[in-house]
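A.B. asks: Here the numbering used here runs 38 ahead of the position in the sequence shown, where the first position is 1. Got a structure for you, questions after.
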Amino acid sequence: MQLLSPVGGEMGISIEANGANYIYNYDPDGSWKADHYLQITTDEDKWSAADTCDPLQDLEDALDAQEAAGGNRPEIVLMNKTTFNYIKNAQKVRDSIISQNLIATANITTARVKSFIEEELNVTIVIYNKQYKTEDGTAQQFYPDNMVMLLPEGALGSTWYGTTPEERTLMASNTANVSIVNTGVAVAVTVTEDPVNTKTTVSEIVLPSFEWMEECYAMEVA
């Protein structure tokens, strides 16, 4: 999800755990950010400015920019509920829906706005609002506010497992019983005799690849 929401155009993964901070940079020379990222900085154009913003035009411009840069037009628009509500509340979007219905009091629902945008731009909108809990129990959104990612259909990359220390050093040892489960998770069991004690260690080294990164376009809208 960090790769699908490159805040500030920084394409990468940041992990803070066990007193260490790991940063994996997928765009070391900044070339992806230069051609595939847009941040709306003018206050009246930000999607949070409901009276003046134009999300529909911004999305169409981003689709055109990605098509020019990568040759293919994205088919999926990913965002969370907060960001989608910016579109729903935008006056220009509401006026466009009302003009199509020829009714001044048309009900501007989530379903109606989603259908309108999808039909106008020939895309599928995915609203992802699931959460996870951090190690301290704090609830966090998988996908952050104010980010939009334009994506192609299909798999964007793969999951790759590396060799764990247990797999590298203990697999051929007589002091531990090591097995690999679920493709790349190492389970090592060691036994001490005095006192008798059994220790089980489970570890993995894993990162996603992002082969279709050049076919994706990110927007920071508020």
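Note that beta-carbon positions come from the ideal geometry of N, C-alpha and C, so glycine has one too.
(1) Between E253, S134, Y62, T120, which lies nearest to M49 when the distance is taken from Cα to Cα?
(2) Since T207 and V225 are thought to touch, with beta carbons under 8 angstroms apart, how far apart are those beta carbons, to the nearest angstrom?
(3) Secondary structure at V195, three-state DSSP: helix, strand or coil?
(4) Going by DSSP, name the residue or residues bridged to M251.
(5) Kindly indicate the opening and closing residues of the beta strand (DSSP E) around L189.
(6) Hey, could you find the ends of the beta strand (DSSP E) N215 is sitting in?
(7) Are any of the Cβ atoms in chain B nearer than 8 angstroms to that of L101?
(8) Which residues in the same chain have their Cβ closer than 6 angstroms to the Cβ of T90, if we skip the five residues on either side of it in sequence?
(9) Going by the DSSP bridge assignment, what does K237 pair with across the sheet?
(10) Using C-beta distances below 8 angstroms, list every residue in its chain close to T162, excluding the 5 sequence neighbours before and after it, in chain order.
(11) Are the CB atoms of E258 and G195 within a distance shorter than 8 angstroms?
(12) Which residues bound the alpha helix (DSSP H) around A103?
(13) Can you tell me whether N127 is helix, strand or coil according to DSSP?
(14) Please check the pair A106 and L188, which I expect to be a contact at CB under 8 angstroms, by giving their CB distance rounded to whole angstroms.
(15) Counting only the same chain and skipping the five closest in sequence on each side, list residues whose C-beta sits under 7 angstroms from that of K168.
(16) In terms of residue numbering, what span does the beta strand (DSSP E) encompassing L116 cover?
(17) For the putative contact between E21 and V216, defined by C-beta atoms under 8 angstroms, what is the C-beta separation to the nearest angstrom?
(18) Here's the rule I'm using: 16 or more other beta-carbon atoms within 10 Å means buried, otherwise exposed. How should I78 be labelled?
(19) DSSP three-state call for G57: helix, strand or coil?
C.D. replies: According to the data block:
(1) Here residue 49 corresponds to residue number 11 of the sequence shown, with the count starting at 1. Comparing Cα positions, the closest option is Y62.
(2) Working through the sequence shown from its first residue, we reach residue 207 at position 169. Working through the sequence shown from its first residue, we reach residue 225 at position 187. That belief does not hold up - the Cβ atoms of T207 and V225 are roughly 15 angstroms apart, past 8 angstroms.
(3) The residue you call residue 195 lines up with position 157 of the sequence shown. In the sequence under discussion, the amino acid at residue 195 is Gly, which differs from the Val named in the question. Looking at G195 - three-state DSSP - the assignment turns out to be coil, as it is neither helix nor strand.
(4) Reading the sequence shown from its first residue, position 213 is the one you call residue 251. Answer by DSSP bridge pairing: none, since M251 is not bridged.
(5) As a position in the sequence shown, residue 189 is number 151, starting the count at 1. 185 to 189 is the span of the beta strand (DSSP E), which, as asked, contains L189.
(6) The residue given as residue 215 occupies position 177 in the sequence shown. Note, N215: beta strand (DSSP E), 214 to 219.
(7) Included in the structure is just one protein chain, with no chain B present.
(8) Counted from its first residue, the sequence shown places residue 90 at position 52. Excluding positions up to five away in sequence, the list reads E82.
(9) As a working note, residue 237 is residue 199 in the sequence shown. T228.
(10) Translated into the one-based positions of the sequence shown, residue 162 becomes position 124. Only E113, I114, V115, E156 meet the Cβ criterion.
(11) Counted from its first residue, the sequence shown places residue 195 at position 157. Counted from its first residue, the sequence shown places residue 258 at position 220. No, they are not a contact pair.
(12) By one-based count along the sequence shown, residue 103 stands at place 65. That run of the alpha helix (DSSP H) goes 93 to 108.
(13) The count along the sequence shown starts at 1 and reaches residue 127 at position 89. In the structure shown, N127 sits in a helix (DSSP, three-state: H, G or I).
(14) By 1-based counting over the sequence shown, the position of residue 106 is 68. By 1-based counting over the sequence shown, the position of residue 188 is 150. About 13 angstroms separates the two Cβ atoms, so there is no contact after all.
(15) Residue 168 sits at position 130 when you count from the first residue of the sequence shown. Counting only Cβ-Cβ distances below 7 angstroms, and skipping sequence neighbours, we find F180.
(16) The sequence position of residue 116 within the sequence shown is 78, counting from 1. Element bounds for L116: 114 to 117.
(17) The requested residue 21 is not part of the displayed model; the chain covers only 39 to 260.
(18) Along the sequence shown, one-based indexing puts residue 78 at 40. With 16 or more other Cβ atoms within 10 Å, it is buried.
(19) For the purposes of this step, residue 57 is taken as the residue at position 19 of the sequence shown. Here G57 sits in coil by DSSP.
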